[in-house]
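Protein chains in written order, with this note's numbering: chain A, 0 to 557; chain B, 0 to 557.
2 protein chains.
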Amino acid sequence: MADRLIYLPLGGAGEIGMNAYVYGYGAPGKERLILVDMGVTFGDMDSTPGIDLIMPDLVWLRENSHRLEGIFITHGHEDHLGAVGHLWEQLGVPIYARQFTGALCRLKLEEMGHSADIVRITGPRPEVTQLGPFNVQFVPVSHSIPESAALVIDTPAGRIVHTGDFKLDGTPVVGDPFDPMTWHDIASEGRGVKVLTCDSTNIFSTHPGRSEALLANPILEWVMAQKNMVVATTFASNIARLRTLADAAIAADRKVCLLGRAMRRMVSVGLETGVLTDFPDTIGPDEAANMPRNKVMLLVTGSQGERRAASAQLSRGRYLGLSLKEGDSFLFSSKTIPGNERSVGRIMNALSEMGVDVYDADDGLYHVSGHANRPDIEAMHDLLKPATVIPMHGEHLHLREHVLLARAKGMTAEIATNGTMLDLTGETPKIVDQIETGRIYLDGTVKIGAMDGVVRDRIRMALNGHALVSVIVDEEDNALPDAWVELMGLPGRTRNGDDLGQHIEGELAEFLEGADNRTVRDDRKMEEAIRKITRQVAMEEIGKKPEVTVIISRLMAD
Amino acid sequence: MADRLIYLPLGGAGEIGMNAYVYGYGAPGKERLILVDMGVTFGDMDSTPGIDLIMPDLVWLRENSHRLEGIFITHGHEDHLGAVGHLWEQLGVPIYARQFTGALCRLKLEEMGHSADIVRITGPRPEVTQLGPFNVQFVPVSHSIPESAALVIDTPAGRIVHTGDFKLDGTPVVGDPFDPMTWHDIASEGRGVKVLTCDSTNIFSTHPGRSEALLANPILEWVMAQKNMVVATTFASNIARLRTLADAAIAADRKVCLLGRAMRRMVSVGLETGVLTDFPDTIGPDEAANMPRNKVMLLVTGSQGERRAASAQLSRGRYLGLSLKEGDSFLFSSKTIPGNERSVGRIMNALSEMGVDVYDADDGLYHVSGHANRPDIEAMHDLLKPATVIPMHGEHLHLREHVLLARAKGMTAEIATNGTMLDLTGETPKIVDQIETGRIYLDGTVKIGAMDGVVRDRIRMALNGHALVSVIVDEEDNALPDAWVELMGLPGRTRNGDDLGQHIEGELAEFLEGADNRTVRDDRKMEEAIRKITRQVAMEEIGKKPEVTVIISRLMAD
């Protein structure tokens, strides 16, 4: 059979986060493969309580790892490289990344006991990495972290541009400016661009994106206007923003103090890799605590309301000897990611209770997005003139909107969500397979499948409470009538003020006394009957059906 | 001691939702009291899993119910009257409300087996309700539900205006327009307005609010442009919006079908009370299913992503014989309340996967807020010229911002969050007491205190999982070594692939075999040791410390 070019998203298509995209070229079923990005996403109490990280299930790729040539990481955000430490072992091939991104990958690998040598630091275009049928170039793009790259992937079937996260920013403060001439060249070489796999995150933002450089003046003016302690938070990886904030502090005759591990790590990786230059000297929290309040800016982690980050700690009181008070000012130089509103709100209100003036970026003065808006996405279409657009980085709504836009502009476009394998060889993409995909949860130190039932049980316990029933069956197969009931996460008292546990025990005693031998000998029958009685009594008495766990202990004759 | 005028918020001040405000007049500690509003708020998985409703803890008011003259309900939203059915019994005094609001109160009371006579239907100003030292008038204001009212409360110490929820809408489509002349009169009578207790919900919205009437054209144009089935969702209580949507449907030659109990109830109460006139005839779901798709508009509940509402059901497939498909259009004529983004997003994406075109109100074309924005709040200040402003309806951030605004305009202003009792008698409000307040959760059919630990245990089980250990101690106080461990919401396998439960059982067996008699006889010591071992083993093997429940069954000699 003829060789073909395939595309298979395993994460990030039909969702925002957890990016992982496979390209392949070769005979059907024998394509040589590359993986672009290995991201994570974060859990939430609604759907994944207790889960530390969520990763794409790479089972298909693991089964085909003998065909995998290498892994490319576009940039250093967690949703693009966060799974490197956890999942690399399953794949075992080299990782290619630019210097700053590579340094972050190495930290992840080393934390999990892997070698830093797995990462091959790769320069930007014109440097080419040849892997099997693929010639891959990293092309600098602007984004909210330094050294972001799109990939130009040349294959025998034509050229693919995989944008990664990008925006059109000619003055990004730190990192590479977006360079239209480079992209013009990329579009003009050879047969041009066959497929554009394109970021869709901001497809619903209809105004043109704004440059990071626009923030310098408003932020400086804001800092100058404050009279006491100044605190600012943003994503630690947004080094350009840290630079803008720190520059404003220095211009306003304030010293900068970095609070939060991620913040210090990012600045130090930035400095080590040369991505960040001229970052002002910082002071430690001890020194900051002893300075006049109007001479300090704290740059802190936790812009998304993370419970353990510096912002949250400061909002709860003293942190590393520092505390905020009446007349201090706190700037959220960030956008609240949907779903985090409540956590961020809690911190803002706690600060307000201290008398701290809270500023957010809602009016656009103190934050710009890192993603291309709709007009910028259109500009990218127009620059690259691809035959086909495949939207990625987006929920279904985003992908669909992007497809409709591309089609309206005369391009071919197709939605491929996680697991959909497209054959890109011909003029129009064809769906050729649907691969089982899924999510892997990191729970403590163990990886579990999303469908294992562990999280489902947690959610059920959280919603319904948990009743435990312990029953003892003696050596002669008689159930002892005094079942023991323990309740967790359930009201102890019924509507009438009775003890719910005792009430259930009473009903169970009645059942156990009357239970015939056949039932008592059968664990499953016993469990079912006990569960049913427990749930019925609870429903009558408190209007809820709890989860029930039954433990039957059978005494053995000596 | 001299008589005094007091204000005591028990809910809604320092939060959005769950409104309940007390005013009192008389000798200190003997003031005669009125309560304004009895609202609820809704739980969420983050902080209140499994909780059906959250209500203010009225313990202070219950203890002082002999001093309570009556309850006034400003309007029919759940955050203002939702607790009437659940908490009225604790207070036992008449409820005063306008006709539409009163009808909703009566439904709530009757559902809980109380008499409809508790509610005294009261006409708007100039009608005056005299209760003890209070003369109270309902003054029509515009809001997103018909018959909203502010209260003018005249006391021997002066006039209070309690705005309730309001906006400045001269053309609200349904219900009373905002009438500046009335408010001018209220400000001019007697000594004018002493205290304005004022809605703060939209204090951070800097543009003037927009009228409901502005939506008619955009919505009509939108409906006209759709080619297949049209679905629209909004709050069921926003009868003006239902009217606007239904009018557009009729103008576009479509029949209207109401889906969702709340939607049908609101329209029928609206018609019965005469608040709603000329609502077009509706068709049932059967009829709608048999009509050509371009001749129907479904008006459905669930704009906030509620799992069981019609929107969610339609997004999951067939509902009452109706299902959506490629080319249909779905309008969210609503704002997503912070915290509901994920649930709403899930529905939108599910609709997108069906090929349904989803429209939201983000560009302002298809929704206006029901609350006064910052310039409107200022207009209210200017109309009423109160000596003192007390902001309500807001998180601390909102109250603080409102206080700063009022002070900047030369008025006295004070933050009073739930439980803060203000003495309003003098020129400036004085904090005179701090009352214990709190939240009551409706869990199934039982009311529990927020601090009872039930919800805390649910959250812990959801985050950490739950391990149950059953141990038997024989007649001679020997612990049987085979402890039984059941895990719920925990990975069954350790990092090395071992069975976690068996692993814990093994460690417990070792402990039980070696346990001395003194330990075995002591339930608490046994429990502590078993809990510690279980948590340690789990931490080592899976990196998590579960909640542990221990059941020790002691066999008795016959």
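We put the beta carbon where it would ideally sit given N, CA and C, even for glycine.
Nearest chain B C-beta to alanine 82 of chain A closer than 9 Å, yes or no?
At a cut-off of 9 Å between beta carbons, alanine 82 of chain A makes no contact with chain B.
Using the beta-carbon count (16 or more within 10 Å), is isoleucine 430 of chain A buried or exposed?
Label assigned to isoleucine 430 of chain A: exposed.
Between aspartate 432 of chain A and the rest of its own chain, which residues show a CB-CB distance below 6 Å, the 5 nearest in sequence each way excluded?
Same-chain partners within the cutoff: Met420.
Under 7 Å by beta carbon: chain A residues contacting glutamate 48 of chain B:
Note that residue 48 of chain B corresponds to proline in the displayed sequence, not to glutamate. By Cβ distance, chain A contributes Ala461 and Leu462.
According to DSSP, residues forming a beta bridge with serine 342 of chain B:
Bridge partners of serine 342 of chain B: none, in fact.
Roughly how many angstroms lie between the CA atoms of isoleucine 346 of chain A and threonine 416 of chain A, to the nearest whole one?
In a straight line, the C-alpha of isoleucine 346 of chain A is about 36 Å away from that of threonine 416 of chain A.
Let's see if you can read the secondary structure: which residues bound the alpha helix (DSSP H) around aspartate 456 of chain A?
Looking at the DSSP string, the run of the alpha helix (DSSP H) that includes aspartate 456 of chain A is 453-463.
Quick check on lysine 531 of chain A: buried or exposed, where buried means 16 or more other Cβ atoms within 10 Å of its Cβ?
Exposed.
Please list, in chain order, the chain B residues whose beta carbon lies closer than 7 Å to that of arginine 399 of chain A.
The CB of arginine 399 of chain A comes closer than 7 Å to the CB of Ser351 in chain B, given here in chain order.
Can the beta-carbon of glycine 112 of chain A be found closer than 9 Å to that of proline 55 of chain A?
No, the pair does not count as a contact, with Cβ atoms beyond the cut-off.
Checking contacts by CB at 9 Å: is histidine 366 of chain B closer than that to chain A?
It does not; no Cβ of chain A falls within 9 Å.
How would you label arginine 119 of chain A, buried or exposed, when you count the other beta carbons within 10 angstroms and need 16 or more for buried?
Arginine 119 of chain A should be labelled exposed.
With H, G and I counted as helix, E and B as strand and the rest as coil, what does DSSP make of phenylalanine 510 of chain B?
It is helical.
Report the CB separation of proline 155 of chain B from tyrosine 24 of chain B in whole angstroms; it is logged as a contact under 8 Å.
The C-beta distance from proline 155 of chain B to tyrosine 24 of chain B rounds to 6 Å, short enough to fall under 8 Å.
Residues in the stretch 153-164 of chain A with C-beta within 8 Å of chain B's C-beta atoms, listed in sequence order?
Cβ proximity to chain B below 8 Å picks out nothing from the stretch 153-164 of chain A.
Looking at chain B, is there any beta carbon in it that lies within less than 9 Å of the beta carbon of threonine 427 of chain A?
No, because no Cβ of chain B sits closer than 9 Å to the Cβ of threonine 427 of chain A.
If I follow the unbroken beta strand (DSSP E) through glutamate 68 of chain A, where does it start and stop?
Its beta strand (DSSP E) spans residues 67-71.
Taking the CB atoms as reference points, tell me whether alanine 386 of chain B and glycine 191 of chain B lie closer together than 9 Å.
Yes, these two residues count as a Cβ contact at 9 Å.
How many angstroms separate the CA atom of serine 342 of chain B from the CA atom of alanine 1 of chain A?
If you take the alpha carbons of serine 342 of chain B and alanine 1 of chain A, they lie about 45 Å apart.
Please look up how many angstroms separate the CB atoms of glutamate 546 of chain B and asparagine 463 of chain B, rounded, as I've assumed it's under 8 Å.
Confirmed, about 5 Å.
Listed by chain order, chain B residues near valine 357 of chain A by CB distance under 8 Å:
From the beta-carbon of valine 357 of chain A, the residues of chain B found nearer than 8 Å are Leu396.
Using a Cβ-Cβ distance under 9 Å, would proline 480 of chain B count as near chain A?
Residue-level contact check: proline 480 of chain B does not touch chain A, since none of the beta carbons of chain A fall below 9 Å from its beta carbon.
Return no unless some Cβ of chain A is closer than 9 Å to the Cβ of arginine 494 of chain B.
Chain A, which has a Cβ nearer than 9 Å to the Cβ of arginine 494 of chain B, makes this yes.
Which complete alpha helix (DSSP H) runs does the stretch 278-346 of chain B hold, if anything under 4 residues is left out?
Annotation: the stretch 278-346 of chain B contains the following complete segments of the alpha helix (DSSP H) (minimum length 4 residues), in chain order: 284-289 and 309-315.
Taking proline 132 of chain A and arginine 31 of chain A to be in contact with their CB atoms under 8 Å, please state how far apart those CB atoms are, rounded to whole angstroms.
The pair is a contact, with the Cβ atoms about 6 Å apart (cut-off 8 Å).
Option nearest glutamate 77 of chain A by Cα separation, candidates A:Asn293, A:Ala261 and A:Leu364
Selected option, being the one with the closest Cα: A:Ala261.
Please specify which runs of the alpha helix (DSSP H), each continuous and at least 4 residues long, are wholly inside the stretch 104-192 of chain A, giving them in chain order.
If only uninterrupted alpha helix (DSSP H) runs of at least 4 residues are considered, those enclosed by the stretch 104-192 of chain A are 179-187.
Is aspartate 168 of chain B near glycine 122 of chain B, with beta carbons less than 9 Å apart?
In this structure, the beta-carbon distance from aspartate 168 of chain B to glycine 122 of chain B does not fall below 9 Å.
Going by beta carbon distance, what residues of the same chain come within less than 8 Å of serine 199 of chain B, once the five residues before and after it are set aside?
The residues are Ile376, Pro390, Met391, His392, Gly393, His397, Leu398, Glu400 and His401.
Nearest candidate by alpha-carbon position, reference leucine 108 of chain B, set B:Leu86, B:Asp451 and B:Ser328:
Scanning B:Leu86, B:Asp451 and B:Ser328 for the CA closest to the CA of leucine 108 of chain B turns up B:Leu86.
So, helix, strand or coil for aspartate 78 of chain A, using DSSP?
Looking at aspartate 78 of chain A - three-state DSSP - the assignment turns out to be helix.
With 7 Å as the C-beta to C-beta threshold (strictly closer), list the residues of the stretch 320-342 of chain B near chain A in chain order.
Residues passing the 7 Å Cβ filter: Pro337, Gly338, Glu340 and Arg341.
Quick one: which chain A residues come within Cβ less than 7 Å of arginine 457 of chain B?
Neighbours of arginine 457 of chain B on chain A, chain order: Met460, Ala461, Gly464 and Gly488.
Spatial neighbours of aspartate 442 of chain B within its chain, please: CB distance less than 6 Å, with the 5 preceding and 5 following residues excluded, ordered by chain position.
The beta carbon of aspartate 442 of chain B sits closer than 6 Å to those of Ile50, all from its chain and outside the five residues before and after it, given in chain order.
Indicate the three-state DSSP secondary structure (helix, strand or coil) for glutamine 225 of chain B in the structure shown.
DSSP places glutamine 225 of chain B in coil when its eight states are reduced to three.
Unbroken beta strand (DSSP E) run spanning glycine 269 of chain B, endpoints
First-last for glycine 269 of chain B: 260-271, but that is the alpha helix (DSSP H), not the beta strand (DSSP E).
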